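So the sequence lines, in the order shown, correspond to chains A and B. In terms of the numbering used here, the first sequence opens at residue 1 and continues consecutively. In terms of the numbering used here, the second sequence opens at residue 1001 and continues consecutively. Beta carbons: idealized from backbone N, C-alpha and C, even for Gly. Predicted model only: the values in this text are computed from it and were never measured. Let me begin by presenting the structure, written as structure tokens, before commenting on it.
Number of protein chains: 2
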Amino acid sequence: MAPKWRELADKLAEQIKSGELPPGRQLPHIRDLVKDGEGSKSTVHAAYKALEAEGLVTSSRGHGTVVRSRAPLKRLGIARYDKAKWRDGEEVAFIADRVASGRAHKRGEQTQSVRRVPATPIVAAAHGLPEGSEVYARARLVREGDQPTHTLTSYYRPEHVEGTRLVDPTPGPAGKGGGYRVLYDAGYEIDHMREELFARAAASEEAAILQLAPGEWVVELHRTTYTADGTVVEFAIGVHAATRFAWAYDFKVPDSAEGETQ
Amino acid sequence: MAPKWRELADKLAEQIKSGELPPGRQLPHIRDLVKDGEGSKSTVHAAYKALEAEGLVTSSRGHGTVVRSRAPLKRLGIARYDKAKWRDGEEVAFIADRVASGRAHKRGEQTQSVRRVPATPIVAAAHGLPEGSEVYARARLVREGDQPTHTLTSYYRPEHVEGTRLVDPTPGPAGKGGGYRVLYDAGYEIDHMREELFARAAASEEAAILQLAPGEWVVELHRTTYTADGTVVEFAIGVHAATRFAWAYDFKVPDSAEGETQ
DNA sequence: TAGTGGTCTAGACCACTTC
DNA sequence: AAGTGGTCTAGACCACTAA
């Protein structure tokens, strides 16, 4: 027998998923459910807390608890890295949500800071550097409107970016064409990439930055970008609000019996 | 000011992440922390519950609360689909964790059921069928030892699999070579795939099946498999315990200005 | 001021494990 | 029987929002 708070949460969750409680609708007030015999205030509150952690509702003091509007997932495919976008055009390829949403980039939707820092073990391994070597870290917080969606921190080897716009700590994208354009102009044309991703609970500091409810998770993305000769020119770590993104990859079925497939 | 339970949880989380509280170590008993002035029993319990939802500890009645051993993430790359594995060898390609772990498949680590069901909207769309058409659903629960790691349900068009071993509801993988081998023998050689993935909170039924702590999340994977002429021969939905997997993809940077890149 | 959700307490009781 | 975590209650108090 599931606990009382879990049963209440499941009942409400089902009403939300079935559309009986549509996005924007207020849930019953906690004290009303107490009157209705759903349990004590703590019990009802536990159910509401669970729903919030599942991303189904948002609660706020003074207001109430409302069904969260399910913003459609942004679908991130590799088309967002299309060379034509950053090499020829005006657009900024590395803002993941731009391509997905089809919206033009607006100034102020991204803030960045550039620092020279010692490489953490993961960063050092990605770049093939000894741990503690200095690298440039370019950190951005990307928003969709007033809603932060993800953070993205790129790590560069100093010899690749020293003297370029990438190291200039001006807010906003790194000028026309973005970071890959800067690398291209410096003689490093990107050729292939590796993305690795996994989900984990948000640290409480991240929850604050990304405005996540307590208990929401994030997807961490590790992107390694190579030139044609295999040099790593960028290693980036993204932390994405898990409820707002989906990733898509297309590939050929490999066949190790016929030499190189991919 | 963060609430008391959050501060306690953060303090313990830091001790866990720093290694001061190594995996396997018992956390202080709730009633001891109450004596130590960390708050009431409910407050301390709230902190423990948060740690459990973050995947850091496991609690059990009668025993206590123990730091969870961080089983290394299984890294799933596209090499797990290598044709050589299922076409020529004895191995079973579609068991995601087999390749990743390097362990041989053992009977009983997978249970399956095959049913003929009406296609849900997502399944119908993937196969290009009208909603409600009948398809075969082959559902498996995959375990790593005694620990369930993910569920995987494949949907096939009846005309592709009718009369093959795939429709034979015998427990275990679909005979030597697995499902792709069966399709291959039936004249459908798989050629390319699309994987789409996103994270979401586990439904409470899934939490029970996968033995997840309340509040843990899952990663849902949608895999569409095509033959060379673009026919969809399999659409599969996987539900993975989020803490146990990472996905990796390698790809060329696309360039729409030079014709087909991928 | 009144109403909302959020925190915290003290204590009772339950489910489960070990001795 | 003793000890563990888990649930539930009744109530006090806090933080925040609205009229």
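Q: Can you tell me which of B:Ala1137, B:Glu1054, B:Gly1145 puts its alpha carbon nearest to the alpha carbon of lysine 1017 of chain B?
A: B:Glu1054
Q) Is the Cβ-Cβ distance between serine 154 of chain A and arginine 138 of chain A less than 7 Å? A) yes
Q | Proximity of valine 253 of chain A and aspartate 1191 of chain B at Cβ, strictly below 7 Å | A | yes
Q | beta strand (DSSP E) runs wholly inside the segment 1023-1060 of chain B, at least 3 long, in chain order | A | 1057-1060
Q) Should aspartate 36 of chain A go down as buried or exposed, given a rule of 16 or more other Cβ atoms within 10 Å for buried? A) exposed
Q: Enumerate in chain order the residues of its own chain whose CB-to-CB distance from threonine 151 of chain A is below 6 Å, with the five nearest sequence positions on each side excluded.
A: Leu141, Val239
Q: Flag this pair as touching only if the segment 18-34 of chain A and the segment 78-87 of chain A have three or more C-beta atom pairs under 8 Å; answer yes or no.
A: no
Q: Compile a chain-ordered list of the residues in the segment 176-194 of chain A whose CB is closer than 7 Å to at least one CB of chain B.
A: Ile190, Asp191, His192, Met193, Arg194
Q: Take the Cβ of glutamine 317 of chain A as the centre, count every other Cβ of all protein chains shown within 10 Å, and call the residue buried at 16 or more, exposed below.
A: Shown here, chain A extends from 1 to 262; a query on residue 317 of chain A therefore has no answer.
Q | Selection from B:Ala1047, B:Glu1195, B:Glu1220 that minimises the alpha carbon distance to isoleucine 1078 of chain B | A | B:Glu1195
Q | valine 1167 of chain B (DSSP reduced to helix, strand or coil) | A | helix
Q) What is the rounded straight-line gap between the Cα of alanine 202 of chain A and the Cα of alanine 257 of chain A? A) 42 Å
Q. Which two residues bound the contiguous alpha helix (DSSP H) that contains proline 181 of chain A?
A. Correcting the residue type first, residue 181 of chain A is arginine in the shown sequence and not proline. 178-185 is the extent of the alpha helix (DSSP H) around arginine 181 of chain A.
**Q.** First through last residue of the alpha helix (DSSP H) which encompasses glutamate 14 of chain A
**A.** 4-17
Q.
Does threonine 1151 of chain B come out as helix, strand or coil in the three-state DSSP assignment?
A. strand
Q) Of all the residues that make up the segment 225-242 of chain A, which are near chain B by a beta-carbon distance shorter than 7 Å? A) Ala242
Q) Along chain B, which residues have their Cβ under 7 Å away from the Cβ of valine 219 of chain A? A) Ala1199
Q.
For the pair the segment 1041-1054 of chain B and the segment 1010-1026 of chain B, tell me if three or more CB-CB distances fall below 8 Å.
A. yes
Q. Under a CB-based cut-off of 7 Å, is serine 60 of chain A close to chain B?
A. no
Q) Quick one: is alanine 1246 of chain B near chain A, going by C-beta distance under 7 Å? A) yes
Q. How would you list, in chain order, the residues of chain B whose beta-carbon sits under 8 Å from the beta-carbon of tyrosine 48 of chain A?
A. Within 8 Å Cβ-Cβ: nothing; tyrosine 48 of chain A doesn't reach chain B, min ~14 Å.
(Q) I'd like to check one pair, alanine 1246 of chain B with arginine 1070 of chain B: are the Cβ atoms closer than 7 Å? (A) no
Q.
I'd like the span of the alpha helix (DSSP H) that includes alanine 1125 of chain B, first residue to last.
A. 1121-1127
Q. I think alanine 242 of chain A touches alanine 1199 of chain B, with their Cβ atoms under 8 Å apart; what is that distance to the nearest whole Å?
A. 4 Å
Q) When the Cα atoms are used, what is the spatial distance from arginine 1068 of chain B to leucine 197 of chain A? A) 22 Å
Q) Tell me which same chain residues have a C-beta within less than 8 Å of the C-beta of lysine 41 of chain A, skipping the five on either side of it? A) Ile30, Arg31, Val34
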